[in-house]
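Trainee:
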Amino acid sequence: MGWLYLIGAIIFEVFATSMMKMSNGLSQMLPTILMFAGYASSFTLLALALRTVEVSVAYAIWSALGIVLISIIGITYFGESFSYQKVISIILILAGVISLKLCTN
Numbered sequence: 000m001g002w003l004y005l006i007g008a009i010i011f012e013v014f015a016t017s018m019m020k021m022s023n024g025l026s027q028m029l030p031t032i033l034m035f036a037g038y039a040s041s042f043t044l045l046a047l048a049l050r051t052v053e054v055s056v057a058y059a060i061w062s063a064l065g066i067v068l069i070s071i072i073g074i075t076y077f078g079e080s081f082s083y084q085k086v087i088s089i090i091l092i093l094a095g096v097i098s099l100k101l102c103t104n
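Take the sequence shown: its letter number 51 is residue 50 in numbering that gives the first Met the number 0, and every next letter is one higher.
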């Protein structure tokens with residue numbers, strides 16, 4: 000169940016960060032409210048995940064996948080710049096998370 004909580008925490012974190020971008024510096028009411036609700040949900044689910052998933056693994060996966068997904072959303076949805084250096088960096092982040100998970104088994 001901890002892994003399902005972690006997946007939910009990642010989804011809410013990515014949603015909240017997207018809402019932060021859409022809030023235009025917290026000046027748009029609805030995205031700002033959704034941002035706070037998303038972060039509250041994310042941290043609640045992350046805390047529940049930590050009941051069964053090691054904190055070093057859970058936090059690394061939560062933050063890394065959040066970075067990867069937000070980078071992809073930034074490029075595809077928000078029109079942020081694309082570069083091969085970004086792609087390589089994302090691949091390295093994913094490799095690090097996979098390596099961390101493999102060494103905890």
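Think of the CB as a built atom: it goes at the ideal place given N, C-alpha and C, for glycine as much as any other residue.
What ranges does the alpha helix (DSSP H) occupy inside the segment 36 to 85, keeping only unbroken runs of at least 4 residues that lie completely in it?
Mentor: Complete alpha helix (DSSP H) runs here, min 4: 54 to 75.
Trainee: As a quick exercise: from Cys-102, Trp-61, Ile-74, Phe-77, pick the residue whose alpha carbon is nearest that of Phe-11.
Mentor: Looking at the Cα atoms, Trp-61 is the closest of the given residues.
Trainee: According to the neighbour-count rule (16 or more other Cβ atoms, all chains shown, within 10 Å of its Cβ), is Met-19 buried or exposed?
Mentor: Classification for Met-19: buried.
Trainee: Where Met-28 and Phe-35 are concerned, what is the direct C-alpha to C-alpha distance, given to the nearest angstrom?
Mentor: So the two alpha carbons sit approximately 11 Å from each other.
Trainee: Could you work out which residue in Tyr-58, Ile-9, Ile-66 is closest to Leu-91 when comparing CA atoms only?
Mentor: Answer by Cα proximity: Ile-66.
Trainee: Give the C-beta separation of Gly-1 and Arg-50 to the nearest angstrom, bearing in mind that I take them to be a contact with Cβ-Cβ under 8 Å.
Mentor: Gly-1 to Arg-50, Cβ: 6 Å. Contact.
Trainee: How would you label Gly-37, buried or exposed, when you count the other beta carbons within 10 angstroms and need 16 or more for buried?
Mentor: It is buried - the Cβ of Gly-37 has at least 16 other Cβ atoms within 10 Å.
Trainee: Tell me the DSSP secondary structure of Leu-25 in three-state form.
Mentor: DSSP places Leu-25 in coil when its eight states are reduced to three.
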